[in-house]
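S.K.: One structure follows; several queries about it will come next.
2 protein chains.
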Amino acid sequence: MNSKPKSATTMADLARLAGVHVSTVSRALADSPLVEQSVRKRIIKLASQHGYVVNSTARNLRSGRTQTLSVVIPLAHELGQGLTDPFFSSLLSHLADEITEKGYGMLLQKVVPPMDHWFDQLAAARRSDGIIVIGQSTEHKVLQAAAYSEVPFVVWGGHLRGQNYCVVGTDNVSAARMATEHLLRLGRRRIVFIGDPVSPEIKLRYEGYEQALAHGPAGTAKPVMVKAHLTPDAAYQATLEHLRTGRKFDAVFAASDVIAISAMRALSSSGIAIPEQVAVVGFDGIDLGAHVHPALTTLRQDLTRGAKLLVTQLLRRIAGETVESVKMPGELVVRESCGESR
Amino acid sequence: MNSKPKSATTMADLARLAGVHVSTVSRALADSPLVEQSVRKRIIKLASQHGYVVNSTARNLRSGRTQTLSVVIPLAHELGQGLTDPFFSSLLSHLADEITEKGYGMLLQKVVPPMDHWFDQLAAARRSDGIIVIGQSTEHKVLQAAAYSEVPFVVWGGHLRGQNYCVVGTDNVSAARMATEHLLRLGRRRIVFIGDPVSPEIKLRYEGYEQALAHGPAGTAKPVMVKAHLTPDAAYQATLEHLRTGRKFDAVFAASDVIAISAMRALSSSGIAIPEQVAVVGFDGIDLGAHVHPALTTLRQDLTRGAKLLVTQLLRRIAGETVESVKMPGELVVRESCGESR
DNA sequence: CCTCTCAATGCAAACGATTGCAACAAGGCA
DNA sequence: TGCCTTGTTGCAATCGTTTGCATTGAGAGG
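First to last, the protein sequences are chains A and B.
Take the first sequence: its position 150, counting from 1, is numbered 149 in our numbering, and each next residue is one higher.
Take the second sequence: its position 169, counting from 1, is numbered 168 in our numbering, and each next residue is one higher.
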């Protein structure tokens, strides 16, 4: 197509072509002020003509940096929720943007936790300069221990007491409380929580829900937890089962949008009108929530900002700074699934 | 916590500890038959005691392999569909499983196509042993050209005439035809296609749709295409707009499940009953389809198998074999969104 | 007892870049 | 003219492995 001169594959080749030493080429391509303007230009031009791109493996070895960040998702086996989860994949997408923009590569790993030393293995292989862990899952202890290793990492998840590693995430307690209070304001009094508190984030959301109920108006029913993993199937079944118990309720606060959507489906197919008979509020703010019927009221997490923060905090840790955890506020997005007025 | 001996960070350290030469350590860890059983065991034990893991950068440089596969998603800018798309992320998830299982790392990249030489850049940096391109998007020409480069890659997407690179994907034409014929069998005659044929896969689906209509029973209306990008918003708006034209239709064949779900929402909110007045069939078989209301009839693509094939074909190409494209059959999954009988 | 084989190990050269330091030329200043 | 500074460039060590080849020692066969 374009007349491509025989391509230079190594820096030495390029140096020969340019009639200079490889060190000069290296510096030229690195935009070092040590090499003269005209020479630098010539080398850069030559490089692009010959389709030369620095071999990153060699560069990494020598410089000790990999220009790569690992993103790892520990998936508690019981909750078979995968990258498939729209929330995770949305976060992933934002992370990809952010990491790419900072000039890094993104190495994606899945970890299925009944696995020893996953963190140490990951860290020791030195395939990346730092690690972003998405969701604490059941691995809080591992992460606490990892904080003593010298490998930089940050975690998306919940803020726990006595935590010694850097976490970025929504203020789950306040956010959940906000969501529940919204239901209370609308006059709902028997609000059910659906979710599985095995993961810290969900547990915190449950706490926020409890707090809201505890401060609710007279007649507010006590907390009820319907246990359901974060998968559509699990949530659907759990909702049906709860319906079969016959216990009355007029609202659902779901630990995630995926759960909420599945719960809505279970309710609908049982002939229950949403929001007239049962109002539903989710958590996460996934795109699809706006497009199910009825559209889902939810507590949005700001993933754009979350991803940005994860990456910048990690890069700062890599640079040697000590960084603090960040708690972001959630945002209530009101849509059809909980009627505006009773 | 666990009494960890001062960790050996380099192979030389470990060799010193074991009282052998580094080459012996290298061989021992690589399970080479050249090193004696007892020695090998001792070294392996020592390595795990000291938390030693081979530095993969160094290994890669020396051996010329990176043990990493790139996964890249070219995102045509106009269709702002991202990793967020449940279909993509599901495929991604399966790929992650498969790649990990084969002992490779997965390097994820996003490419926003009005970008020159993205493939060559990717290829030349040699960060991975091969590339999996998800979706041809608008980049068919680039891929055709890339086929002449020596970098192994495979593509998930549609099978086009004269294509000289390896593609794995569903037989879009047949599958779409199957879906449309199902609607015809149910007595629907005015079937609308929603989607954007700018990407080859969608175009092929449209062709299948056309074929089905061409062979449909008397009274079958001519093809109608409602253009909509693959995002929820776009599909929602496009559906509403089509409704405003007042043109009658009794079924929708959507180019993807995401489109289908958004279309259903648009229909529902316009007071149209699904499936009584308008039946809907999607394409992809994303999980969520089973959990919207009404549950979505769709044409499922076998992503588990797809991911497996992509990886094995790529690894074979890396090994130097020449590999053929693979066309997989789609599977019609009948659910509520198109009534069983008219 | 001497060689020959074979298994196991050590030696040292790559892999392809980065980077501190030396070298060199030109120009400024005394 | 001589010396020092400054701006460029070359030299060579280095990053941590892998791997072809040389070396060693022991056991077998003549």
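All C-beta atoms in this analysis are idealised placements derived from N, C-alpha and C, irrespective of residue type, glycine included.
Note that the structure is a prediction, hence the values are computed from the model and not measured.
Closest Cβ-Cβ distance between D170/B and chain A: below 9 angstroms?
M.R.: Counting from one through the second sequence, the residue named residue 170/B turns up at place 171. No, no contact with chain A.
S.K.: Once you ignore the five residues that flank A175/B on each side, which residues in its own chain have a CB closer than 6 angstroms to its CB?
M.R.: Within the second sequence, the letter at position 176 stands for residue 175/B. Excluding residues within five positions, the ones whose Cβ falls inside 6 angstroms are R204, G207, Y208.
S.K.: Output the distance between the C-alpha atoms of I72/A and I131/A, rounded to the nearest integer angstrom.
M.R.: The sequence position of residue 72/A within the first sequence is 73, counting from 1. The sequence position of residue 131/A within the first sequence is 132, counting from 1. Going from the Cα of I72/A to the Cα of I131/A covers about 9 angstroms.
S.K.: For E77/A, decide whether its Cβ has a neighbour in chain B, counting only Cβ atoms nearer than 9 angstroms.
M.R.: Counting from one through the first sequence, the residue named residue 77/A turns up at place 78. Unreliable positioning characterises E77/A in this predicted model, as indicated by a pLDDT of 47, which lies under 50. The coordinate reading is nonetheless provided below. E77/A does not count as touching chain B.
S.K.: Which residues bound the alpha helix (DSSP H) around E206/A?
M.R.: As a first step, residue 206/A is located in the first sequence; it is residue number 207 there, counting from the start. 199 to 213 is the span of the alpha helix (DSSP H), which, as asked, contains E206/A.
S.K.: Mind checking if T297/A is an interface residue toward chain B, Cβ cutoff 9 angstroms exclusive?
M.R.: Reading the first sequence from its first residue, position 298 is the one you call residue 297/A. For T297/A, the answer is no, since every Cβ of chain B falls outside 9 angstroms of its Cβ.
S.K.: Find out if the Cβ-Cβ distance for the pair A11/A, G50/A is shorter than 9 angstroms.
M.R.: Your numbering for residue 11/A matches position 12 in the first sequence. Your numbering for residue 50/A matches position 51 in the first sequence. The answer is no: Cβ separation not under 9 angstroms.
S.K.: One question on the structure: do G129/A and P151/A come within less than 9 angstroms of each other, judged by their Cβ atoms?
M.R.: Counted from its first residue, the first sequence places residue 129/A at position 130. Counted from its first residue, the first sequence places residue 151/A at position 152. Yes, they are a contact pair.
S.K.: What are the boundary residues of the alpha helix (DSSP H) that M10/A is part of?
M.R.: Stepping through the first sequence from its first residue, residue 10/A is reached at position 11. It spans 10 to 17 - the alpha helix (DSSP H) in which M10/A sits, taken as one unbroken run.
S.K.: Among V52/B, A122/B, I285/B, which has the Cα closest to the Cα of L90/B?
M.R.: Position 91 of the second sequence, counted from the start, is the residue given in the question as residue 90/B. That would be I285/B, whose Cα lies nearest to the Cα of L90/B.
S.K.: Quick one: give me the first and last residue of the alpha helix (DSSP H) that D119/B is part of.
M.R.: The count along the second sequence starts at 1 and reaches residue 119/B at position 120. Segment 117 to 124, the alpha helix (DSSP H) holding D119/B.
S.K.: Going straight from the alpha carbon of S414/B to that of I43/B, what length do you get?
M.R.: No statement about residue 414/B is possible, as the shown extent of chain B runs from 0 to 341 and does not include it.
S.K.: So the candidates are I201/B, S324/B, I271/B, G18/B; which of them puts its Cα closest to the Cα of S336/B?
M.R.: Looking up residue 336/B in the second sequence gives position 337. Answer by Cα proximity: I271/B.
S.K.: Counting only runs of 4+ residues fully inside the segment 95 to 169 of chain B, write out the alpha helix (DSSP H) ranges in chain order.
M.R.: 117 to 124, 139 to 145
S.K.: So with CB distances below 8 angstroms, who are the chain B contacts of L106/A?
M.R.: Translated into the one-based positions of the first sequence, residue 106/A becomes position 107. Per Cβ cutoff of 8 angstroms: T67, G104, M105, L106, L107.
S.K.: Tell me which residues share the same chain as V325/B and place their Cβ nearer than 6 angstroms to its Cβ, disregarding the 5 neighbours each side in the sequence.
M.R.: Numbered from its first residue, the second sequence carries residue 325/B at position 326. V167, L308.
S.K.: Identify, in the order they occur along the chain, each residue of the same chain with its Cβ nearer than 8 angstroms to the Cβ of R64/A, setting aside the five sequence neighbours on each side.
M.R.: Indexing the first sequence from 1 puts residue 64/A at position 65. For R64/A, where only same-chain residues beyond five positions count, the Cβ hits under 8 angstroms are D128.
S.K.: Grab the span of the alpha helix (DSSP H) containing T179/A for me, first residue to last.
M.R.: In the first sequence, residue 179/A corresponds to position 180, counting from 1. Residues 171 to 184.
S.K.: Three or more C-beta pairs closer than 8 angstroms, one from the segment 316 to 325 of chain A and one from the segment 145 to 161 of chain A: is that the case here?
M.R.: yes
S.K.: Tell me the start and end of each unbroken beta strand (DSSP E) in the segment 219 to 268 of chain A that is at least 3 residues and wholly inside, in chain order.
M.R.: 223 to 225, 250 to 253
S.K.: When you compare only the Cα positions, how much space is there between K109/A and E330/A?
M.R.: Taking the first sequence and counting its residues from 1, the one referred to as residue 109/A is at position 110. Taking the first sequence and counting its residues from 1, the one referred to as residue 330/A is at position 331. Cα-Cα distance, rounded: 29 angstroms.
S.K.: Assess contact between the segment 52 to 59 of chain A and the segment 54 to 61 of chain B, defined as three or more Cβ pairs (one per stretch) separated by less than 8 angstroms. Is contact present?
M.R.: yes
S.K.: Out of F118/B, N171/B, R126/B, F248/B, which one is the CA nearest neighbour of K346/B?
M.R.: Residue 346/B falls outside the range modelled here, since chain B spans only 0 to 341, and no answer is possible.
S.K.: Using 9 angstroms as the threshold, is the C-beta distance between G194/B and L239/B below it?
M.R.: The residue labelled residue 194/B in the question sits at position 195 within the second sequence. The residue labelled residue 239/B in the question sits at position 240 within the second sequence. No, Cβ-Cβ distance for G194/B and L239/B is not below 9 angstroms.
S.K.: Please tell me whether Q120/B and V24/A are closer than 9 angstroms, where the distance is taken between their beta carbons.
M.R.: One-based indexing of the second sequence puts residue 120/B at position 121. One-based indexing of the first sequence puts residue 24/A at position 25. Against a cut-off of 9 angstroms, the Cβ pair of V24/A and Q120/B comes out as no contact.
S.K.: Suppose the cutoff is 8 angstroms on Cβ atoms and the five residues either side in sequence are ignored; what does the same chain contact list for R316/A look like?
M.R.: Your numbering for residue 316/A matches position 317 in the first sequence. G129, P151, F152, V153, C165, V322.
S.K.: Where do the N-terminal and C-terminal ends of the alpha helix (DSSP H) with A278/A fall, by residue?
M.R.: Locating residue 278/A in the first sequence gives position 279, counting from the first residue. Careful: A278/A lies outside any alpha helix (DSSP H), inside the beta strand (DSSP E) at 278 to 283.
S.K.: From G305/B to P328/B, what distance separates their C-alpha atoms?
M.R.: Here residue 305/B refers to the residue found at position 306 when the second sequence is read from its first residue. Here residue 328/B refers to the residue found at position 329 when the second sequence is read from its first residue. Rounded to whole angstroms, G305/B to P328/B spans 11 angstroms at the Cα level.
S.K.: Got a sec? Which residues, its chain only, sit under 8 angstroms from S173/B by beta carbon, not counting five neighbours each side?
M.R.: Taking the first residue of the second sequence as position 1, residue 173/B is located at position 174. For S173/B, where only same-chain residues beyond five positions count, the Cβ hits under 8 angstroms are G207, P328, G329.
S.K.: Would you report the Cα separation of A122/B and K226/B, rounded to the nearest angstrom?
M.R.: Position 123 of the second sequence holds residue 122/B. Position 227 of the second sequence holds residue 226/B. So the alpha carbons of these two residues sit roughly 34 angstroms apart.
S.K.: To the nearest angstrom, report how far apart V34/A and A46/A are at their CA atoms.
M.R.: As a first step, residue 34/A is located in the first sequence; it is residue number 35 there, counting from the start. As a first step, residue 46/A is located in the first sequence; it is residue number 47 there, counting from the start. Roughly 16 angstroms between the two C-alpha positions.
S.K.: Less than 8 angstroms between C-beta atoms, sequence neighbours within five positions excluded: which residues of the same chain meet that for G218/A?
M.R.: If you number the first sequence from 1, residue 218/A lands on position 219. The answer, listed in chain order, is R188.
S.K.: Can you find a CB in chain A that lies within less than 9 angstroms of the CB of S268/B?
M.R.: Here residue 268/B is taken as the residue at index 269 of the second sequence, counted from 1. Yes, S268/B lies at the interface with chain A (some Cβ there is under 9 angstroms from its Cβ).
S.K.: How should E77/A be labelled, buried or exposed, when 16 other C-beta atoms within 10 angstroms of its C-beta is the threshold for buried?
M.R.: Locating residue 77/A in the first sequence gives position 78, counting from the first residue. Unreliable positioning characterises E77/A in this predicted model, as indicated by a pLDDT of 47, which lies under 50. The coordinate reading is nonetheless provided below. So E77/A ends up on the exposed side.
S.K.: How would you label T169/B, buried or exposed, when you count the other beta carbons within 10 angstroms and need 16 or more for buried?
M.R.: As a first step, residue 169/B must be located in the second sequence, where it is residue number 170. With 16 or more other Cβ atoms within 10 Å, it is buried.
S.K.: Output yes if chain B places a C-beta closer than 9 angstroms to the C-beta of A27/A; else output no.
M.R.: Taking the first residue of the first sequence as 1, we reach residue 27/A at position 28. Chain B contact via Cβ: absent.
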